[in-house]
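Student: Got a structure here, written out as structure tokens. Questions coming.
2 protein chains.
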Amino acid sequence: MRNSSKVKPRSGCPVSVTLDLLGDRWSLLLVRDMMVRGYRTFREFQRSGEGIATNILADRLQRLEAGGIVMREAAKLDGRSTHYRLTPKGIALAPVLLEILIWGAHYEETDAPCGAIDAMEQNRGAVIAEARRRWEERDPTPLIPPFHSASKSKSNFPKGESRR
Amino acid sequence: MRNSSKVKPRSGCPVSVTLDLLGDRWSLLLVRDMMVRGYRTFREFQRSGEGIATNILADRLQRLEAGGIVMREAAKLDGRSTHYRLTPKGIALAPVLLEILIWGAHYEETDAPCGAIDAMEQNRGAVIAEARRRWEERDPTPLIPPFHSASKSKSNFPKGESRR
DNA sequence: GAAATTCACTTGCATTTTGCAATCTAAGGA
DNA sequence: TCCTTAGATTGCAAAATGCAAGTGAATTTC
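And the structure:
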């Protein structure tokens with residue numbers, strides 16, 4: 001294997017350990033693609049709009065798999081295609097991703113529509129429950145469509161019920 | 165400046181934008197050090213136990229400052245020393261860090277005592293409020309002491325009151 | 001008040017990780 | 001059969017990282 005770094009000599013702090021696994025510019029983006037957009041294949045990740053190189057993509061998928069965050073299964077309908085899917089450990093990243101989303105939308109310039117973000121902030125529990133539901137039912141409908149500068153992007157989760 | 169990378173050509177997704185700023189192995193660790201451990205000086209970060217190189221540390225502090233997450237102020241008592249402090253934007257990362265901490269403690273092998281993590285999980289709002297209080301009052305007492313394999317590490321936040 | 005120490009960096013250099021384009025293999029389709 | 005598609009791997013240049021050493025200003029020690 002050419003890439004896939006070796007372990008770093010760091011502390012046992014959960015934050016530190018987590019960053020060893022996910023602390024780079026791509027890994028959490030792939031988790032987002034799977035969790036929020038319903039992407040499953042190499043191709044979909046590749047065309048995700050962020051411009052990841054194929055060697056890096058292959059490496060990250062491998063690392064996520066090695067880290068127990070992602071599992072691969074052969075696609076039934078097409079022998080060439082592999083489906084990547086979050087594991088229970090992977091879907092448990094939903095709260096992390098949601099907080100990142102909320103923070104980013106608040107403090108950075110993004111294409112996210114404020115209304116949708118506010119709604120998610122008010123209904124964290126519902127957003128996470130809906131993400132988990134889609135994962136359980138293998139529902140590939142995007143929870144949140146990709147943000148385009150011009151999109152109306154209606155988000156797709158039910159209202160009501162507060163966090164946890 | 166030798167380091168401090170240029171902007172990447174990526175999407176306007178809040179997650180993506182956030183990862184451009186914080187998506188590396190060190191940045192969030194420094195935020196953790198400031199928020200949770202009360203560290204303020206270059207030396208403290210350096211001896212934080214994770215073994216960051218001084219050039220990388222200098223670069224990350226600079227980037228965090230450029231990103232509006234950290235501010236620097238001259239230490240009153242010692243003209244050599246600079247104090248780094250989170251900005252409002254920086255302290256707003258508390259929920260992100262907390263979710264990472266909880267996730268890591270659940271799914272990775274860490275030195276975090278399960279009891280303390282469970283307590284934080286049940287009292288997210290209190291943990292975040294306490295972190296914010298310490299920040300406002302410039303109270304450098306660690307909210308959570310560094311995890312050593314052998315430590316009893318009592319965490320330091322009050323119980324009661326649920327999230328938000 | 002001279003020398004030693006501390007703090008916050010910076011520099012040089014080797015190693016690792018990225019990014020990019022091209023290529024490869026196996027499966028499917030025409 | 002030949003062509004296309006999915007999922008990679010390879011080579012190479014560029015950038016980021018890790019490491020040891022050095023710098024200069026402010027403080028402490030003698």
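Residue numbers (our numbering), protein chains in the order written: chain A, 1 to 164; chain B, 165 to 328.
Idealized CB from N, CA, C, for every residue including glycine.
Between which two residues does the beta strand (DSSP E) carrying Tyr-84/A extend?
Tutor: First-last of the beta strand (DSSP E) with Tyr-84/A: 82–86.
Student: Could you check the C-alpha separation between Gly-68/A and Gly-90/A for me, to the nearest Å?
Tutor: Their backbone Cα atoms lie some 7 Å apart in a straight line.
Student: Where does Asp-282/B land, buried or exposed, given buried means 16+ other C-beta within 10 angstroms?
Tutor: So Asp-282/B ends up on the exposed side.
Student: Measuring only between beta-carbons, confirm whether Val-171/B sits less than 8 Å from chain A.
Tutor: Reliability of the predicted coordinates at Val-171/B is poor, the pLDDT of 48 falling under 50, and no value is obtained from them.
Student: Provide the residue span of the beta strand (DSSP E) that contains Ala-74/A, from first to last.
Tutor: Segment 70–74, the beta strand (DSSP E) holding Ala-74/A.
Student: If you count every other CB in all the chains shown that lies within 10 Å of the CB of Pro-304/B, and 16 or more means buried, which is it?
Tutor: By the 10 Å Cβ count, Pro-304/B comes out exposed.
Student: Taking just the CA atoms, how far does Gly-243/B sit from Ala-94/A?
Tutor: Distance between the alpha carbons of Ala-94/A and Gly-243/B is about 45 Å.
Student: Can you find the residues in the same chain that come closer than 6 Å, C-beta to C-beta, to Arg-201/B, ignoring five residues on each side of it along the sequence?
Tutor: Result list for Arg-201/B: Pro-306, in chain order.
Student: Between the region 238–268 of chain B and chain A, which residues of the former have a C-beta closer than 7 Å to a C-beta of the latter?
Tutor: Against chain A - using a Cβ distance shorter than 7 Å - the residues of the region 238–268 of chain B are Lys-253, Ala-256, Leu-257, Pro-259, Val-260, Leu-261, Glu-263, Ile-264, Leu-265, Trp-267 and Gly-268.
Student: Using 8 Å as the limit for Cβ to Cβ distance, is Arg-169/A near chain B?
Tutor: This structure cannot settle anything about residue 169/A, because the visible part of chain A is limited to 1 through 164.
Student: Does chain B have any CB closer than 8 Å to the CB of Cys-167/A?
Tutor: Nothing about residue 167/A can be read from this structure; chain A reaches only from 1 to 164.
Student: Could you tell me how far apart the beta carbons of Met-34/A and Tyr-84/A are, in whole angstroms, since I believe they sit closer than 8 Å?
Tutor: Yes, Met-34/A and Tyr-84/A are in contact; Cβ-Cβ is about 7 Å, under 8 Å.
Student: Would you call Asn-123/A buried or exposed, if buried means 16 or more other Cβ atoms sit within 10 Å of its Cβ?
Tutor: It is buried - the Cβ of Asn-123/A has at least 16 other Cβ atoms within 10 Å.
Student: Tell me the DSSP secondary structure of Pro-309/B in three-state form.
Tutor: Here Pro-309/B sits in coil by DSSP.
Student: Is the separation between the beta-carbon of Leu-193/B and that of Ser-27/A shorter than 8 Å?
Tutor: Cβ atoms of Leu-193/B and Ser-27/A: not closer than 8 Å.
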